[in-house]
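Have a look at the structure below before the remarks.
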């Protein structure tokens, strides 16, 4: 089978599409991958800037969807069943072997690309907003990076939870994506705080979700009402900012982190519960169709380069046709 391998930390161009042996089941669930997610974290991994640094060579990728090829008898899965997968890394290969706790069932009407778009990003958004951010219907949510994968998921989930959602983006084209993904309003990053304040008639914000970091953090804290929360989900700007604790003390505000996969490793049942909630929201018609950009499975480098160039909007997905000899 083929696998995209990181063999050195020199960026996307150093990826190698290697021929390797298929993994052994060894008590794990074997899955034929049909779609695999690409995220900013994967880009950081190729550069050696991510906190998790597996030994070389390794396949990046935290999410995937495909078909079960084999499973332990007690796994509750059938050969040919369509599933999604969430792991710390390793999905950019044609066949993967993962623990049962990492596997999520798919609805029959959910295709593999949309499943990848919904799994990591939407589950992370729901985790960040509800478990970490304690979001309540009627509150106002500001989402930075609102045209990115996590951003569009947070807007869509926030809308489904009854929040007023305000997106912050870098240009007019991304503004259209954010509005189509559930933003009640959307402003440009330049002067975003003044524009949000004007939109709200001077009222402060309840919740900020930030996958960007960098120099937006101070203004994000300034935007919060007493009791407001800022949820940190990443640092796409590159810099990891620091927070002066007196701002939190004097403003009676909170900054919380939302590292979903690390949380799920300790509490795998929570991942399944959040996924079930996402499916219920979808079935109730409360979620839109996820914004995606697809690349052929072979072009993982191109997918990463699009993310690096800030060209990708919505979820980026590698797509692999079903092998003729493994069509379920």
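Numbering (the working numbering), first residue to last: 23 to 350. From the three backbone atoms N, C-alpha and C, an ideal C-beta is built for every residue, glycine too.
- By alpha-carbon distance to residue 209, the top candidate from 68, 326, 77, 163 is 163.
- Below 8 Å, enough C-beta pairs join the segment 104-124 and the segment 35-52 to call them touching: three or more.
- Rounded to the nearest whole angstrom, the C-alpha separation of residue 278 and residue 195 is 30 Å.
- Rounded to the nearest whole angstrom, the CA to CA distance from residue 52 to residue 45 is 8 Å.
- Nearest Cα to residue 201 within the set 165, 108, 134, 257: 165.
- Residue 151 sits close to residue 176, with the two beta carbons spaced by under 8 Å.
- The beta carbons of residue 227 and residue 239 sit no closer together than 8 Å.
- The segment 128-172 contains, as complete alpha helix (DSSP H) runs of 4+ residues, the segments 134-139, 145-148 (chain order).
- Taking residue 63 as the centre and dropping the five residues before and after it, the same chain places the C-beta of 72, 84 closer than 7 Å to its C-beta, in chain order.
- Within the DSSP bridge table, the entry for residue 317 names 340 as partners.
- If you draw a 10 Å sphere on the C-beta of residue 212, you find fewer than 16 other C-beta atoms in it, and that means exposed.
- When secondary structure is reduced to three states using DSSP, residue 240 falls in the helix class.
- The beta carbon of residue 282 lies closer than 6 Å to those of 146, 149 in the same chain, with the five residues before and after it left out.
- The secondary-structure analysis by DSSP pairs residue 41 across a beta bridge with 24.
- When only Cα atoms are considered, residue 32 and residue 69 end up about 5 Å apart.
- Contact between the segment 128-142 and the segment 304-313 is present: three or more C-beta pairs spanning the two stretches fall below 8 Å.
- Non-local C-beta neighbours of residue 336 in its own chain, meaning closer than 8 Å and more than five positions away in sequence, comprise 139, 169, 170, 171, 174, 199, 203, 312, 313, 314, 315, ordered along the chain.
- Contact annotation: residue 57 and residue 340 have beta-carbon atoms nearer than 8 Å.
- When DSSP states are grouped into helix, strand and coil, residue 276 belongs to the strand group.
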